[in-house]
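Residue numbers (our numbering), protein chains in the order written: chain C, 498 to 614; chain Y, 7 to 415.
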């Protein structure tokens, strides 16, 4: 079973700062543990929310909006895709991510679409 | 139900299959007689029914998907594709056809998973572990039946789609998960014990179910003193059931109850359990609540109660449940042990708390203490504050009586 861990938190700290270095180290630890356990599929941060564009199609017309879908304090800032036996295992890994400490991690089971092809 | 859920790993499928098997049993057993082991007969038939249903469902959905693709339309409700996934290794061999107590425990842990909404955990446990009808659960929670049915369907869908596992969690996870399970059993009990509305018969049944569940948990986890503590608490509290209400349905307060009507067998079982649990040296909130209940049970009257001990136990409890309600209860015990002025100091410190200012019992308790120290005008104000919050009818009558005594009503 694949689980997508959606990372919501404050924007990333300025590159080159102590805060950024600490965060980078914390993520390397969390990432290494997931790799060693063989559960990690992919994991990446996203560029800040100011770079995002929201797409909606209404009545066949594409509407573009600058920015995220909703104005909120915490933004969708990255993802981690893992393969686990069940929800308990996925929740355990979600709790190891740095974002769980200063933001929140939403755990969503992934639908296996290839079975439809 | 529990065994089948473990075998087919799907709560909804297990429920349907048990219904199928029971329907078959009614017709077959009346024609051919009851088999030697009816329990395992039912489990065996239900398991076959469940596998049949799964095969049919998968076939039907494959056809739906194929038809949709040919029509070139958008896919059907994407959420349903989760169902196409195989259920892990699934059931294998013939082992485990007997209904094992471990299965029931596994089912309780599944229904009480912390990723489910707390109120839904209680409802799901009543439906799947206790076998209550959706209509009965809806009546107990005072919500319309379709609302409750939808809540249960959603929970079962989440269990399937997010793959919440059946079974008792491993040791690293057990402490966190056990807390949720004990809480659900406690809430089932309070729903029966405290609710002011709903059908009397259903609510008594909820207390029985909670005691049964607590008994199962305590038996299956003898190394967990909090499981024994919860069972002790429920027994000590439920022992007063017969003395708690008049024939008219009015609640009788603890101090006015006929203690001769308390169930002595339940009390002594509760006390024995509590003593054994406390010897483990790992206290927790349920053991403390049970210890408070035991202080009441062994007192011949309200006046003979060891209020000093109760005040000390509430003081301990605050470390686990730092809530103003626990602190208010401590204040009342302190007032009984050391006099109204000492209790009043604690209650006055809680006055600013929004949860307290909205709680009529807080104002009534404060009014009583103010009256006893002779501050009658302030006592009247506090009684009026309680009345403004529209307490239950018997409490309104009690307040009216007090205000007349104070010459203000």
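Beta carbons are placed, not taken as given, at the ideal position from N, Cα and C, and that holds for glycine.
Query                                                                                                                                                                                                    : Result
Going along the stretch 155-185 of chain Y in order, which residues come within less than 8 Å of chain C, judged by CB to CB distance?                                                                   : 167, 168, 169, 170, 171, 175, 179
9 Å is my cut-off, CB to CB: does residue 121 of chain Y come that close to chain C?                                                                                                                     : yes
Could you work out which residue in Y:111, Y:134, Y:258, Y:303 is closest to residue 175 of chain Y when comparing CA atoms only?                                                                        : Y:111
Is it buried or exposed for residue 96 of chain Y, if we count other Cβ within 10 angstroms and need 16 for buried?                                                                                      : Unreliable placement is indicated for residue 96 of chain Y, whose pLDDT of 34 sits below 50; no coordinate value is reported for it.
Name the DSSP beta bridge partners of residue 257 of chain Y, please?                                                                                                                                    : Y:251
Just checking: is the beta-carbon of residue 623 of chain C within a distance shorter than 9 Å of some beta-carbon in chain Y?                                                                           : Outside the displayed range of chain C (498 to 614) lies residue 623 of chain C, so it cannot be described from this structure.
Leaving out the 5 sequence neighbours to the left and right, which residues in its chain are closer than 6 Å to residue 286 of chain Y when beta-carbon positions are compared?                          : 231
DSSP on residue 536 of chain C, reduced to helix/strand/coil?                                                                                                                                            : coil
Return the chain-ordered list of same chain residues with a C-beta closer than 8 Å to the C-beta of residue 268 of chain Y, the five sequence neighbours on each side being excluded.                    : 245, 246, 248, 249, 303
Short of 6 Å in beta carbon distance, which residues of its chain neighbour residue 316 of chain Y, apart from the five on each side in sequence? Order them along the chain.                            : 298, 301, 339
Using only the alpha-carbon positions, how far apart do residue 564 of chain C and residue 16 of chain Y sit?                                                                                            : 41 Å
Hey, is residue 606 of chain C's beta-carbon within less than 9 Å of any beta-carbon in chain Y?                                                                                                         : yes
Identify which residue in Y:185, Y:402, Y:279 has its Cα closest to the Cα of residue 221 of chain Y.                                                                                                    : Y:279
Specify the secondary structure class of residue 558 of chain C as computed by DSSP and reduced to three states.                                                                                         : strand
Straight-line CA distance for residue 105 of chain Y to residue 190 of chain Y?                                                                                                                          : Per-residue confidence for residue 105 of chain Y stands at a pLDDT of 45, beneath the threshold of 50, marking its modelled position as unreliable; no derived number is given.
Do the stretch 354-368 of chain Y and the stretch 376-386 of chain Y meet, that is, are 3 or more Cβ pairs less than 8 Å apart?                                                                          : no
Can you check DSSP and say which residues form a bridge with residue 174 of chain Y?                                                                                                                     : Partner(s): none; residue 174 of chain Y has no beta bridge.
Give, in chain order, every unbroken run of the alpha helix (DSSP H) that is at least 4 residues long and sits entirely within the stretch 316-359 of chain Y.                                           : 330-344, 346-355
For residue 265 of chain Y, which beta-bridge partners are listed by DSSP?                                                                                                                               : In the DSSP output, where bridge partners are listed per residue, residue 265 of chain Y has none listed.
Taking a cut of 8 Å between CB atoms, which residues from the stretch 525-537 of chain C lie near chain Y?                                                                                               : none
What is the DSSP secondary structure of residue 192 of chain Y, reduced to helix, strand or coil?                                                                                                        : helix
With the cut-off set at 9 Å, would you say residue 350 of chain Y and residue 368 of chain Y are in Cβ contact?                                                                                          : no
With a threshold of 9 Å between beta carbons, is residue 597 of chain C in contact with chain B?                                                                                                         : Within the model displayed, chain B is absent; protein chains C and Y are what it includes.
Quick one: which chain Y residues come within Cβ less than 8 Å of residue 583 of chain C?                                                                                                                : 169, 170, 171
Going by DSSP, name the residue or residues bridged to residue 579 of chain C.                                                                                                                           : C:500, C:537
May I ask you to report which of helix, strand or coil DSSP gives residue 46 of chain Y?                                                                                                                 : helix
Within the 9 Å Cβ cut-off, does residue 578 of chain C reach chain Y?                                                                                                                                    : no
Give me the Cα-Cα distance between residue 218 of chain Y and residue 155 of chain Y, rounded to the nearest whole angstrom.                                                                             : 24 Å
What first and last residue would you give for the beta strand (DSSP E) that runs through residue 605 of chain C?                                                                                        : 601-606
Mind checking whether residue 460 of chain C and residue 503 of chain C have CB atoms under 9 Å apart?                                                                                                   : Outside the shown range of chain C (498 to 614) lies residue 460 of chain C, about which nothing can therefore be said.
Please report the Cβ distance between residue 113 of chain Y and residue 135 of chain Y, rounded to the nearest whole angstrom; I am assuming they are in contact, meaning their Cβ atoms lie under 8 Å. : 5 Å
What are the start and end residues of each continuous alpha helix (DSSP H) run of 4 or more residues lying completely inside the stretch 118-168 of chain Y, in chain order?                            : 124-134, 140-146, 151-167
Below 8 Å on the Cβ atoms is my contact criterion, and I expect residue 171 of chain Y with residue 584 of chain C to pass it. Report the Cβ-Cβ distance as a whole number of Å.                         : 7 Å
Please name the residue in C:580, C:586, C:537 whose C-alpha comes closest to that of residue 178 of chain Y.                                                                                            : C:586
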